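Inspection log for the structure reproduced underneath, given as structure tokens.
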Amino acid sequence: MAFMKKHDPVTAFDAIEATPVSIDILVEILTYRRSARSEGDEALIDNLIMPLDPTVDAYGNLFVSIGKAPSVAFTAHTDTVHRDTAINPRLTQTLSIENGLIELADPGKGDVLGADDGTGIWVLLNLIEAGVEGLYCFFRDEEIGRLGSEWSIKHEPERYTGIDMMLSFDRMGTTDIITHQMGDRCCSELFATHIADAIDRQCEPDPTGSFTDSCSFMDTISECTNICVGYYDQHSSLESQDLTWVAYLVNRLIAMEWNAVPAERDPTEVQMPMLDGYDMADMDLSDILYMYPDEAAYILETFMGMTQADMVDAVSELHTVESGNALLSPGANLT
Ligand SMILES: [Zn+2]
Numbered sequence: 002m003a004f005m006k007k008h009d010p011v012t013a014f015d016a017i018e019a020t021p022v023s024i025d026i027l028v029e030i031l032t033y034r035r036s037a038r039s040e041g042d043e044a045l046i047d048n049l050i051m052p053l054d055p056t057v058d059a060y061g062n063l064f065v066s067i068g069k070a071p072s073v074a075f076t077a078h079t080d081t082v083h084r085d086t087a088i089n090p091r092l093t094q095t096l097s098i099e100n101g102l103i104e105l106a107d108p109g110k111g112d113v114l115g116a117d118d119g120t121g122i123w124v125l126l127n128l129i130e131a132g133v134e135g136l137y138c139f140f141r142d143e144e145i146g147r148l149g150s151e152w153s154i155k156h157e158p159e160r161y162t163g164i165d166m167m168l169s170f171d172r173m174g175t176t177d178i179i180t181h182q183m184g185d186r187c188c189s190e191l192f193a194t195h196i197a198d199a200i201d202r203q204c205e206p207d208p209t210g211s212f213t214d215s216c217s218f219m220d221t222i223s224e225c226t227n228i229c230v231g232y233y234d235q236h237s238s239l240e241s242q243d244l245t246w247v248a249y250l251v252n253r254l255i256a257m258e259w260n261a262v263p264a265e266r267d268p269t270e271v272q273m274p275m276l277d278g279y280d281m282a283d284m285d286l287s288d289i290l291y292m293y294p295d296e297a298a299y300i301l302e303t304f305m306g307m308t309q310a311d312m313v314d315a316v317s318e319l320h321t322v323e324s325g326n327a328l329l330s331p332g333a334n335l336t
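With our numbering, the residue at position 221 of the sequence shown is 222, and numbering never jumps.
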């Protein structure tokens with residue numbers, strides 16, 4: 002059976018930069034099969050997160066805090082979309098690395114690489130090792146409904162006091178800094194552009210995010226985003242990870258002046274959704290009516306009880322008042 006990739010990812014750079022935590026640790030993370038609450042999920046936590054002496058909440062999310070009162074939170078999720086193999090359970094899987102790209106050695110076994118979001122975990126380990134101030138959140142059960150982060154904000158919102166920006170590392174590819182999740186704005190353009198500048202404009206603000214853990218905090222934390230970490234074809238056996246990209250990203254994040262990053266979005270303000278790629282906050286009412294005449298007619302008729310005749314009357318009356326004559330008075334022939 003031949004396996005076809007959706008696209009053949011080319012690595013962003015020619016070499017893998019040296020990082021505070023060795024790239025071998027990322028390889029180790031990806032070796033575990035880690036569906037939510039599986040033996041592999043627990044093994045990753047025991048071997049790589051518990052040595053950091055984290056706080057563990059009642060749900061099982063793990064937190065490491067660096068600095069007295071950090072204003073930035075960094076997140077990744079521990080679980081993957083591996084399917085449990087009840088008949089032949091395996092803790093680990095075999096990988097292949099070539100030219101800075103890592104993939105499954107045998108995609109025929111139905112596994113996934115798990116760079117979504119093992120790579121995010123490795124990014125956090127690096128920032129911790131480098132001593133970057135922040136609240137580091139290792140959330141559980143993202144792939145089965147974002148359960149860990151939802152639990153955390155619902156039961157322990159005080160944990161996030163003083164946090165005004167949250168960066169998740171759970172976006173595919175090497176081009177996006179997510180500004181919208183599920184169509185709603187999650188961070189300001191100012192914030193996203195600032196981050197883009199710090200990564201030398203290698204990636205840009207992008208409104209097409211679905212959701213990840215930072216989505217759970219959009220009503221609480223000013224700037225919430227998701228940063229591309231360089232995996233492709235996630236949730237499939239053809240998933241791959243560009244090691245050159247994530248090593249580059251980690252070093253730029255470590256070099257960043259986090260105190261200078263602006264947080265301006267008001268999380269309590271009603272957020273305008275994106276529609277067909279347009280930011281509706283920039284449009285006035287007549288723009289929207291022009292773009293969506295059928296929808297506008299449906300809303301007027303169904304929700305406001307306005308008939309076609311009512312509309313003719315209302316428009317005619319307006320014209321009569323404005324022009325001072327009765328040319329378009331009610332009952333005039335408009336055709
Ligand atoms: Zn993910």
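In this text, a Cβ means the ideal position worked out from N, Cα and C, and glycines have one as well. Fair warning: this is a prediction, and the values are worked out from it, not measured in the lab.
Beta-carbon contacts of residue i that lie in its chain and below 6 Å, excluding the five residues immediately before and after
i: SER66; result: LEU136
i: ASN62; result: PHE140, ARG141, GLY149, SER153
i: ASP165; result: SER72, SER223, ALA264
i: VAL316; result: none
i: ILE50; result: LEU63, PHE139
Exposure label - residue i; buried when at least 16 CB within 10 Å
i: MET305; result: exposed
i: ASP80; result: buried
i: SER215; result: buried
i: TYR291; result: exposed
i: GLU296; result: exposed
i: GLU144; result: buried
Assigned secondary structure, residue i (DSSP; H/G/I helix, E/B strand, else coil)
i: LEU92; result: coil
i: LEU244; result: helix
i: SER189; result: coil
i: TYR232; result: strand
i: GLN182; result: strand
i: HIS83; result: coil
i: GLY111; result: coil
i: PRO331; result: Note that PRO331 scores 49 on pLDDT, short of 50, meaning its location in the model is unreliable and no value can be drawn from it.
i: PRO268; result: coil
i: ASN227; result: strand
C-beta contact flag for residue i and residue j at 7 Å
i: MET167; j: CYS229; result: no
i: HIS78; j: PHE14; result: no
i: PRO21; j: ASN127; result: yes
i: THR175; j: GLY231; result: yes
i: LEU244; j: GLY115; result: no
i: ALA70; j: GLY132; result: no
i: VAL82; j: VAL124; result: no
i: ASP171; j: THR209; result: no
Close-in-space but distant-in-sequence residues of the same chain around residue i (CB under 7 Å, 5 per side omitted)
i: GLU18; result: ALA248, TYR249, ASN252
i: THR32; result: THR93, GLN94, LEU96
i: CYS204; result: THR175, THR176, ASP177, ILE178, ALA197, CYS229
Close beta carbons around residue i, own chain, < 8 Å, minus the five adjacent residues each side
i: ARG91; result: ARG34
i: VAL28; result: LEU96, ILE98, ILE103
Minimum length 3: unbroken beta strand (DSSP E) runs contained in the segment 37-72 = Whole beta strand (DSSP E) segments, 3+ residues: 63-67.
* Going along the chain, which unbroken runs of the beta strand (DSSP E) with 3 or more residues stay wholly within the segment 137-217? -> Whole beta strand (DSSP E) segments, 3+ residues: 166-173, 177-179, 205-207.
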